[in-house]
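Counting in the working numbering, the sequence shown runs from 1 upward without gaps.
C-beta atoms are modelled at their ideal positions from N, C-alpha and C, and glycine is treated no differently.
Keep in mind the model is a prediction, meaning the values are calculated, not measured.
Inspection log for the structure reproduced underneath, given as C-alpha cells.
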Amino acid sequence: MIAVNNISVSFSGKDLFNDISFIINPKDRIGLIGKNGVGKSTLLKIIYGIQPSDKGGIAISSGESIGYLPQEIKIDSEKSIFDEAMTAFNDVIQLEKDIEKINEELATRTDYESDSYTQLIQDLSEKHEHLHVLGSAKAESEVEKVLKGLGFKPEEFERPISTFSGGWQMRVELAKLLIKKPSLLLLDEPTNHLDIEAILWLEDFFNNYPGALIMISHDRMFLDNVTNRTIEIVFGKIYDYSAHYSKYMVLREERYEQQMATLRNQQKYIEEQEKFIERFRSKASKAKQVQSRVKALEKVEVQQLDELDNSSIQFRFPPAPRSGEVVLKGTHLTKQYEEKMVLNNIDFQIDKGDRVAFVGQNGQGKSTLVKLVTDKLSHDGELKIGHNVEVGYYAQVQENTLDVNLTVLETIEQAATEEWSNISRIRGLLGAFLFGPDDVDKRVKVLSGGEKSRLALAKLLLKPCNLLILDEPTNHLDISSKEVLKEALKHFDGTLILVSHDRDFLQELTTKTYEFANHKIKEHLGDISEFLRKHQVESFREFEHGGVNEKPKAKQPKQEVKPVEEKPKKEEPKLSYEEQKERNKIIRKAENDVKKAENKITELEAEMAKLEKAMHADDFYDNEENSKKIMFEHAELSKKLDQVMQDWESASEKLHKLED
C-alpha cells in the first residue's frame, strides 16, 4: 500500500495542491484528470520522489516499488532496441555474473571442509533461488513479447535506439517499465506516441497487470477500458470517485446536483427561521421559540459545493485569405528513408475548401506527407502547392515549432506580425489561451504538455492561413480544450488537413478521408462516420486494428418465394368532436413551440453575428477585459443556441408525429 499524506505545493505564492491525501491500493487503476496546468504531472513526480513537496509526504510499505513514465524523454544510449529493453533485467544480469564468478572460484578451490567454501556454496544457492524468482529463463522471451506488443518489428530489434524518433524511444522506456512490473506504475500520457494496435495491446496488458496504476490521459476510451477509479484535481483539491471516466462524469453531475438541492433547501430553511426570529423577536410570548430557532440555526452546517473549474480557452481562427482552386497536388509522389519505403508512387489532389482526415496506423506515412508540405523534404515525383497558399502548421511534437528557451511572451512577440505589435493585444491573446500575468514570463521548457499545445495554437492565430494542417492536435489538450478547438475548426473557412486517431474529435470536422496503408493512400468521400460505416466497423479503433474479420457466408439454396397477401388496412376510428378539438389544440401548441424555437434561433444567431463581427476587428485584443467578456458572452450564446436547436428538433418531431 502507498499513501499520499497531506501534500501541499505552491509556486510563486500560488497553491498548486492544498493538503491533499489519498491511498493507493494494490490493483487500483486510477485515472488522474484535470485541466492542463493543475499539477497532474507534478503530483506524479512527487509520488515518484523526483520532486519535493512543501508539506506532507509519501508513505510506502516495505517491498513496494514504483516506476515512472514522463510525457517526454530522450534516451542517451547507443544500445540496440533489444539490448536497451534488456536493461530492465539488470538485476538478473548481475546475478548471472555473480553466479558465474562463484562457479569459477569453486572450480579452483580444494578446501571443501572450510567455512569459506561452505559460505560460497550457500551464496550460490541463494543467488540461484533469487534468479529463479526474477525469471531469468524468460527474460529474452518477455522482452520480445513486450517490444512486439508496442509495435516494434523483429527486424528492428538490433537497430540502435538513437536512430529512432523520440516517440519510438518513449515506447522502449515504456517497455522497460512493463517488463520490470513495479508495484505502482505512474504513467504521464502513455498513449500519446502509440498507434492504435499498441494501445489495444497495452489495454489488455494493463487488465492483467499485477500491480497498481496511476495514469494521466485525455483519451476517454482508454480511461474507460483500463481504470476503475478517477481522481480529479480542481483548484488544489482532489475529488475521488470509484469509477472509470464516463461513470465518474455521471456521478460528479449527480453529486453536484444533490449538493445544489441540499443547499437550496438549507437556504430556504434558514430564510424561514430568520423571518420567524425577526418577526417575533420582541414578543415575550414567543421568546422561548425564538431562542430555540436561534440555537437551531447556529447548529446548521452549510452545504459546501464541489469546486468546478469551468475556465476554457476562447478563440476563433482569423478569416482565410483567398487561394487558388487547387491547394495541394501530388503526382507519382514517392518518399523513402534509405531502405525504408514510406510513400510509393501516390497521386492525390486537395482542393480549396476541402476538409480532409488522414487516418491509418503509425508508420504508414501520414506525418511524412505533412512534412513534405511543411518542411519541404526531398522526394521523388511531383508535389505542387497551389497559388497563394499560406500554410498554418501545428506539429505533433511542440519542440519542433517552439523555442524552449524563450518565455511565453517572447514566443508570441517573435512570431507576431506588424498588426500584432501592440503588447496589450498580445497579452489579450495569451489571456484568451489561459496564460495569465504570472504565466507569460515562464520559459517554454517548464510548461506542461497542455500549456505548450495552447501556446502553439495561440501562435497559429498570428498569421492568417488558408491551409491549416494539424498533426495529432489533441494529444496534450484537456477534454474541454479539445471541444473548444473543435468548435473553432468548424468555423474555419479555409482548407483543413487533420492527422488524428481521435474519432470523436474528427466527427463533423471533415468531408473527405485519406486512408494510409501499404505505402499508398486511398480517398474516401464523406465524413469519418461514413468512412467507418463503409469499413463495417463500430469504432475507429476497430478500423485501425484491421476491421472486423468476418467469415464469408455460405451460399444458401434458393427457396421459392410465395407472394405475400396484403391485408386490408384497418380504418382508423373516427374521433369524436371533443377528441378532435383536443387534438387540434395539441397540434396548435406544437406549432407554436416550433415557431417560438425558430424565432429564438434567429434571435441568438443575430446576437452571435454581432459579437463575431467585434471579434474579427483589428483592435479586438487591445482591451483584454472587454475581449474576454465578449468571448464569454459568445460561448454562453453558443450553449443557448445548442439547447434551443435541441428544443426545436424535439418540437418538430412531435408536430410531425401529430400530423401523420
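> Does DSSP classify Glu84 as helix, strand or coil?
Replying inline: In the structure shown, Glu84 sits in a helix (DSSP, three-state: H, G or I).
> Which whole-angstrom value is the C-beta distance of Phe516 and Gln364, which I expect to be below 8 Å?
Replying inline: Rounded to the nearest angstrom, the Cβ distance from Phe516 to Gln364 is 4 Å, consistent with a contact under 8 Å.
> Along the chain, where does the beta strand (DSSP E) that runs through Glu336 open and close?
Replying inline: Note that residue 336 is Gln in the sequence shown here, rather than Glu. In the DSSP assignment, Gln336 falls within the beta strand (DSSP E) that extends over Val326 to Tyr337.
>> Check this for me: beta carbons of His244 and Leu223, under 8 Å apart or not?
In response: Contact: yes.
>> On a Cα-Cα basis, can you pick out the residue from Ile30, Ile24 and Asp91 that is closest to Ser61?
In response: Distances from the alpha-carbon of Ser61 to those of Ile30, Ile24 and Asp91 put Ile24 closest.
>> Give me, in chain order, the residues of the same chain whose beta-carbon lies closer than 8 Å to that of Ala296; leave out the 5 immediate sequence neighbours on both sides.
In response: The beta carbon of Ala296 sits closer than 8 Å to those of Gln273, all from its chain and outside the five residues before and after it, given in chain order.
>> So for Ile73, helix, strand or coil by DSSP?
In response: Look at Ile73 here: in three-state DSSP terms it is coil, with no helix or strand label.
>> Out of Ala617, Leu658 and Leu655, which one is the CA nearest neighbour of Arg316?
In response: Selected option, being the one with the closest Cα: Ala617.
> Are the Cβ atoms of Val234 and Ile179 separated by less than 8 Å?
Replying inline: Not a contact, by the Cβ cut-off of 8 Å.
> Exposed or buried, which one is Glu84 when buried takes at least 16 other CB atoms within 10 Å?
Replying inline: Buried is the call here.
> Which word fits Asp438, buried or exposed, when buried means at least 16 other C-beta atoms lie within 10 angstroms of its C-beta?
Replying inline: By the beta-carbon neighbour count (other beta carbons within 10 angstroms, threshold 16), Asp438 is exposed.
>> Between the region 416 to 429 and the region 503 to 513, can you find at least three pairs of beta-carbon atoms closer than 8 Å?
In response: Contact between the region 503 to 513 and the region 416 to 429 is absent, because fewer than three Cβ pairs lie under 8 Å.
> Can you give the Cα-Cα distance for Trp648 and Ala590, rounded to whole angstroms?
Replying inline: Going by the C-alpha atoms only, they are around 10 Å apart.
> Should Ser242 and Phe157 be called a contact, given that it needs their Cβ atoms to be closer than 8 Å?
Replying inline: No, the Cβ-Cβ distance between Ser242 and Phe157 is not below 8 Å.
> Where does the unbroken alpha helix (DSSP H) through Thr42 begin, and where does it stop?
Replying inline: Here the alpha helix (DSSP H) through Thr42 covers Lys40 to Tyr48.
>> Threshold first: 3 residues or longer. Then list the beta strand (DSSP E) segments lying entirely within the region 454 to 508, N to C.
In response: As far as the region 454 to 508 is concerned, its whole beta strand (DSSP E) runs of at least 3 residues are 467 to 471 and 495 to 499.
> Excluding five sequence neighbours on each side, which residues of the same chain lie with their C-beta closer than 7 Å to the C-beta of Ile277?
Replying inline: If we look at Ile277 and ignore the five residues flanking it on each side, its Cβ neighbours are Val290, Arg293 and Val294.
>> For Ala416, which residues in the same chain have their Cβ closer than 8 Å to its Cβ, ignoring the five residues on either side in sequence?
In response: The beta carbon of Ala416 lies closer than 8 Å to those of Ile426 and Leu462 in the same chain, with the five residues before and after it left out.
> Any idea if Pro52 is buried or exposed, counting beta-carbon neighbours within 10 angstroms, 16 or more meaning buried?
Replying inline: It counts as exposed.
> Out of Lys366, Val499, Gly392 and Gln361, which has the shortest C-alpha to C-alpha gap to Glu197?
Replying inline: Considering only alpha carbons, the answer is Gln361.
>> Give me the residue from Asp347, Leu402, His387 and Asn405 with the minimum Cα distance to Asp380.
In response: Measuring from the Cα of Asp380, the nearest candidate turns out to be Asp347.
> Comparing alpha-carbon positions, which option in Glu72, Ala395, Glu96 and Arg355 lies nearest Thr374?
Replying inline: Answer by Cα proximity: Ala395.
>> Classify Glu189: buried if its beta carbon has 16 or more other beta carbons within 10 angstroms, exposed otherwise.
In response: Using a 10 angstroms sphere on the CB of Glu189, the tally of other CB atoms reaches 16 or more, which defines it as buried.
> Of the choices Leu106, Asp91 and Ser162, whose alpha-carbon is the least far from that of Ser662?
Replying inline: As shown, the chain starts at 1 and ends at 660. That puts residue 662 outside it, with no answer to give.
>> Any beta carbon of chain D sitting closer than 8 Å to that of Thr407?
In response: Absent here is chain D; the protein component of the structure consists of one chain.
> Skipping 5 residues on each side, what residues in its chain have a beta carbon closer than 7 Å to that of Thr334?
Replying inline: Leaving aside the five residues that flank Thr334 on each side, the residues in its chain whose CB is nearer than 7 Å to its CB run, in chain order, Leu343, Asn344, Asn345, His379, Asp380 and Gly381.
> Excluding sequence positions up to five away, which residues of its chain have a Cβ less than 6 Å from the Cβ of Glu603?
Replying inline: Once the five neighbours on either side are set aside, Glu603 has no close Cβ partner at all.
> Taking Cβ positions, are Ile99 and Leu120 nearer each other than 8 Å?
Replying inline: No. Outside cutoff.
>> Measuring straight from C-alpha to C-alpha, what distance separates Arg229 and Asn623?
In response: About 43 Å.
> Roughly how many angstroms lie between the CA atoms of Gly34 and Glu232, to the nearest whole one?
Replying inline: The alpha-carbon atoms of Gly34 and Glu232 are separated by roughly 5 Å.
> How big is the Cα-Cα spacing for Leu185 and Val4?
Replying inline: Those two C-alpha atoms are separated by around 15 Å.
> Per DSSP, which one or two residues make a beta bridge with Met57?
Replying inline: The residue you asked about is not Met; residue 57 is Gly in the sequence shown. Paired residues: Asn5.
>> Our contact map puts Val444 next to Val391 with C-beta atoms below 8 Å; I'd like the distance itself, whole angstroms only.
In response: At roughly 22 Å, the Cβ-Cβ gap does not stay under 8 Å, so Val444 and Val391 are not in contact.
> If you check the beta carbons only, do Pro321 and Asn388 fall under 8 Å apart?
Replying inline: Yes. Within cutoff.
> Do you know how far the Cα of Lys629 is from the Cα of Ser41?
Replying inline: Cα to Cα, Ser41 sits roughly 31 Å from Lys629.
> Could you give the C-beta distance for Leu611 and Glu633, rounded to a whole number, given that I count them as a contact under 8 Å?
Replying inline: Contact holds; Cβ gap of about 6 Å.
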